[in-house]
Structures are given as C-alpha cells and as structure tokens.
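Q: Encoded as structure tokens, here's the structure I'll be asking about.
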Amino acid sequence: MSVVVDHGRLLLICRAAPEADLVWALPGGTVEPGETAEQAAVRETLEETGLGVEAVRLLGERVHPDTGRLIAYVACTVRGGRARAASSREVSAIAWAAPGEIHRYVPRGLFPPVQAYLDGR
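Just so we're aligned, residue -13 is where the sequence shown starts under our numbering, counting upward by one.
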C-alpha cells in the first residue's frame, strides 16, 4: 500500500469492488514475482491513479485483519502527474483527505505505523 501525502493530504482510492467492508483504501495491490514492496507501491499507484510517485521507506507490515493478506505500507512522495481514477475496473474515485477528514473515509483508523508517520509530518 502506498502512503502518499501531498500538501498535507493523504491520497485515498475508492475501490470499484470493495473487499469486505473496505471501500476507501490506500492505493496498492499485489506484489508481482521479483518485485519489492516498494516497487509494487510505485507501480500500483501509477496504475490505479495515474500519479507518479517515488518510494521513500517501508513503514511496516501486517496481516490485514479483514482480508488475511500480508500488507506492506510504503511512504511515497509525488513525482508527477495528477491523481485520478485511472483504472475504472479497480478504482471508482480518489480523494485527498486532510488529517481531520481521514476518519470519514477509514472509520476504523489507519494501521498505527501509518498514523504515526502522518502525525510526524
């Protein structure tokens, strides 16, 4: 998952086909064979949003409590482009959420290392 912050706002995507009760999420997807979590975060962000990013660092990993999948969270910086729902089969909308708005999109909160990263910015 890509943790992309630009001008103090966090990039979120609305999944076209929600998984469990996860409608809004960080951009991300499957790590391809031979790819690192950082490379996958960059690729998936571009595929889903059209936004070019650069991986900065791995924030943490966990088995997601709803999906059972291993998730890696990667801090990324914007390098170019304009975020949009680039893959209509995967993403129906995007949002740039200010810190006080994130709970509206992710009511159960963010993974603690991600929240700590955002709080430290």
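Where a beta carbon is used, it is the ideal one built from N, C-alpha and C, also for glycine.
Could you check what DSSP says for residue 98 in three-state terms: helix, strand or coil?
A: Locating residue 98 in the sequence shown gives position 112, where the first residue counts as 1. Helix at residue 98.
Q: For residue 22, does the three-state DSSP call read helix, strand or coil?
A: What you label residue 22 is simply residue 36 of the sequence shown in a count that begins at 1. Reduced to three states, the DSSP call for residue 22 is coil.
Q: Quick check: what's the CA-CA separation for residue 1 versus residue 72?
A: The residue labelled residue 1 in the question sits at position 15 within the sequence shown. The residue labelled residue 72 in the question sits at position 86 within the sequence shown. Rounded to the nearest angstrom, the two C-alpha atoms are 12 Å apart.
Q: Between residue 35 and residue 13, is the Cβ-Cβ spacing less than 7 Å?
A: What you label residue 35 is simply residue 49 of the sequence shown in a count that begins at 1. What you label residue 13 is simply residue 27 of the sequence shown in a count that begins at 1. Yes, they are a contact pair.
Q: Pick out whichever of 99, 79, 63 and 98 has its Cα sitting closest to the Cα of residue 38.
A: If you number the sequence shown from 1, residue 38 lands on position 52. If we check each option's Cα against that of residue 38, 63 comes out closest.
Q: How is the beta strand (DSSP E) around residue 70 delimited, first residue to last?
A: Residue mapping note: residue 70 aligns to position 84 of the sequence shown, counting from 1. Looking at the DSSP string, residue 70 is not in any beta strand (DSSP E), and its letter there is neither H nor E.
Q: For residue 9, which three-state DSSP category applies?
A: Mapped onto the sequence shown, residue 9 falls at position 23. Three-state DSSP puts residue 9 in a strand.
Q: Terminal residues of the continuous beta strand (DSSP E) containing residue 43?
A: One-based indexing of the sequence shown puts residue 43 at position 57. It spans 38 to 49 - the beta strand (DSSP E) in which residue 43 sits, taken as one unbroken run.
Q: Using only alpha-carbon positions, find the residue among 31, 57 and 83 that is nearest to residue 45.
A: Working through the sequence shown from its first residue, we reach residue 45 at position 59. The residue with the shortest Cα to Cα distance from residue 45 is 57.
Q: If distances are taken between C-alpha atoms only, which option among 78, 94, 52 and 60 comes closest to residue -11?
A: Taking the sequence shown and counting its residues from 1, one reaches residue -11 at position 3. Among 78, 94, 52 and 60, the Cα nearest to that of residue -11 belongs to 60.
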